[in-house]
Amino acid sequence: MTLLMAENGISVSIQDPSSKTVDALMKSAKEQGIHSKLSKYENYKDLAASLGSPKVIFFSLPHGTVGDTVVEGLYKYLDRGDIIVDCSNEEWVNTQRRQGKLVAQGVYYIGCGVSGGYQAARRGPSMCPGGQEAALDIMLPLFEKMAAKAADGTLCVAKIGMGGAGHYVKMIHNGVEHGMMSCISEAWEIMNKHMGMKYDDIGKVFEKWSTEGELKNTFLVKIGAEICEKKDKSGYHVLGDVQDKVVQDIDGSEGTGIWSNMQATSLHVPAPTLSTAHCLRVVSAFRGQRKHVAETFHGSFLPSKFTFSSSSEQDAFIEDLRLAVYSTCLAAYVQGISIIDVADKQNKWCIDFGNVVQIWRAGCIIQADHISSLLAEIFHPSSTSIYKNHNLLFEPSIVAALKKGFESLKRVVAKGVQENAVVPSMSATLEWLKYMGNLELPTQFYEAELDYFGKHMYDSKEMDGKLDTDYQVPVTGKRHFEWKPA
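Okay, so the sequence shown: first residue is -16 according to this note's numbering, each after it adds one.
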């Protein structure tokens, strides 16, 4: 991001505990002809003295106490009106705590989620700033110089909301990302392990998906094609040497997936596409344990081949797979926005959902053109949607898209179950669709058992059924039956 700013004509002062890191950055800047915009400083005092007024300080750090330590070190050198921009994947409660601490000094603290990885950070990321309105107004022109642009020139940065809204939305972005990555990976495994397709052939399928239809310009599908086809200097596919474990949730380098699922649970928002994707990541990290379990079960879960009577039947299944992936990606978006909506109402952040959709159009990992267009229409200021900023499963356009993929999702999951394919996010999405609009859930029996042993009460279909409304806050039932006298 330092190089991106320098390339845009912005003078940047740099300080880092590792002089080696700064020297490498200065060398890179020199090679790119932009080193004249960079200045190196050894401590916070000299760094602050090099800046004009108001001072603007960016940092991107590991989440947690490291940020507190840095803010504490900078504190004495900051004046009223100065601005800290935290571009870390920080937990939103830490952001709000630091905002509360600095407000007495008159220092602004912006929690600015940045998406797209290190490549987008250099070329132009999706930026998700939240904080006090005055600070956002000051910083927006600079953010706009740095941010990614959609194909139509729309900038992928906008004011998201107050308090920790910026980091919260970025956190949920990452939860959605995990759901999308899981279903695309599940599709890859089906094609590779169960259909016997070669990496290059799967790459061609992903290429086709990313150039037309509902998955057009879906970033994770597009890079999936590149990953499948990339070879090393020896001519071997790099993918073939990648071990099947994701450790970022375990080693502490990534917290957003954990937090997004904690938020879904604590806010009572069903988000199974996100949560099952997270479970897959966690279990994948413990490869040694998986090996022992596999040995204990004597290979009971070995994958078997999918069989097709003709090439046309196989082509039809690949089309089902495409729609299943799209439906799961859309479900991840819907669940993520539901979490943001509930949190926004609870925290009074005044989140602009139109701006959320705008920043996710390019430069970020969950970029998906078709989904963005659906959401942009719903959250457009002129939209006539009466359910805006509420449950997206009430929206006709979202429902139509999910209904279109429902039968394909069923066929893919059914075949996956039959042949021991690992399809957690797709199967969880299928179940989610089935129970979200179902008025005859197995919880009728569940509720009776709760009342039997715990006197937890229930509502009567005959006497209390008319109380149900779209927005009714769930309350304890009015009835108890003495199933068995104590």
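Glycine included, every Cβ here is placed at the ideal spot set by N, Cα and C. Just so we're clear, the structure is a prediction, and the values are computed from it rather than from any experiment.
Asked: Between the CA atoms of Lys13 and Arg273 - distance to the nearest angstrom; Found: 48 Å
Asked: Identified DSSP bridge partners for Arg462; Found: Tyr441
Asked: For Ile(-7), the three-state DSSP class (helix, strand or coil); Found: coil
Asked: Selected residue, minimal CA-CA separation from Asp29, among Pro468, Asn338, Ser(-4), Ala351; Found: Ser(-4)
Asked: Terminal residues of the beta strand (DSSP E) in which Leu30 lies; Found: Leu30 -> not in any beta strand (DSSP E); alpha helix (DSSP H) instead, spanning 27 to 32.
Asked: Host alpha helix (DSSP H) of Ile93 (start-end); Found: Element bounds for Ile93: not the alpha helix (DSSP H) but the beta strand (DSSP E), 91 to 98.
Asked: Residue interval of the alpha helix (DSSP H) (run including Met129); Found: 116 to 129
Asked: Extent of the continuous beta strand (DSSP E) run through Lys471; Found: There is no way to answer for residue 471, as the model of the chain reaches only from -16 to 469.
Asked: Residue from Gly144, Ala31, Phe189 whose Cα sits closest to the Cα of Glu302; Found: Phe189
Asked: Segment limits, alpha helix (DSSP H) that includes Ser267; Found: 255 to 268
Asked: Those residues which DSSP pairs with Ser109 across a bridge; Found: Ser98
Asked: Phe202: first and last residue of the uninterrupted alpha helix (DSSP H) it sits in; Found: 202 to 212
Asked: Option in Leu385, His261, Gln318, Met164 with minimal Cα separation from Thr201; Found: Met164
Asked: Cα-Cα separation, Pro471 to Glu278; Found: Residue 471 cannot be examined here, being either before or after the span of the chain that is shown, -16 to 469.
Asked: Bridge partners - Gly144, DSSP secondary structure assignment; Found: Gly113
Asked: Three-state class that DSSP yields for His220 in the structure shown; Found: strand
Asked: Rounded C-alpha distance that separates Leu257 from Gln82; Found: 29 Å
Asked: Extent of the continuous beta strand (DSSP E) to which Asp69 belongs; Found: 66 to 69
Asked: Nonlocal neighbours in the same chain, by C-beta distance under 6 Å from Leu263, ignoring five residues either side; Found: Ser165, Pro407
Asked: C-alpha gap between Ala170 and Ile210, whole angstroms; Found: 14 Å
Asked: Short Cβ contact (9 Å threshold) for Met145 with Gly196; Found: no
Asked: Inter-residue CB distance, Ile93 and Pro112 (contact presumed, cutoff 8 Å); Found: 5 Å
Asked: Cβ distance (whole Å) where Thr137 is taken to contact Arg344 below 8 Å; Found: 6 Å
Asked: Closest by C-alpha distance to Val5, when choosing among Val396, Ser98, Ser22, Arg394; Found: Ser22
Asked: Arg305 and Trp192 closer than 9 Å at C-beta; Found: yes
Asked: Outcome for Cys312 when other beta-carbon atoms lying within 10 angstroms are tallied against a minimum of 16; Found: buried
Asked: Contact between the stretch 61 to 75 and the stretch 91 to 108 (3+ Cβ pairs under 8 Å); Found: yes
Asked: Nearest candidate by alpha-carbon position, reference Leu(-14), set Ser11, Pro255, Ser1; Found: Ser11
Asked: CB contact flag (Pro253, Met409, <9 Å); Found: no
Asked: With 16 other Cβ atoms within 10 Å as the buried cut-off, status of Met(-16); Found: buried
Asked: Neighbourhood of Ala247 by C-beta, 6 Å cutoff - its chain only, sequence neighbours within 5 removed; Found: Ala254, Ile322
Asked: Endpoints, the alpha helix (DSSP H) within which Val39 is located; Found: Premise fails: Val39 lies in the beta strand (DSSP E), 39 to 42, not in any alpha helix (DSSP H).
Asked: Opposing strand residues paired with Leu138 [DSSP bridges]; Found: Lys132
Asked: Same chain, Cβ closer than 8 Å to Leu222, neighbours up to 5 away in sequence not counted; Found: Tyr182, Ile210, Cys211, Lys213
Asked: Alpha carbon of Pro475 to alpha carbon of Leu358, nearest angstrom; Found: Because the chain in this structure spans residues -16 to 469, residue 475 falls outside the shown range and cannot be described.
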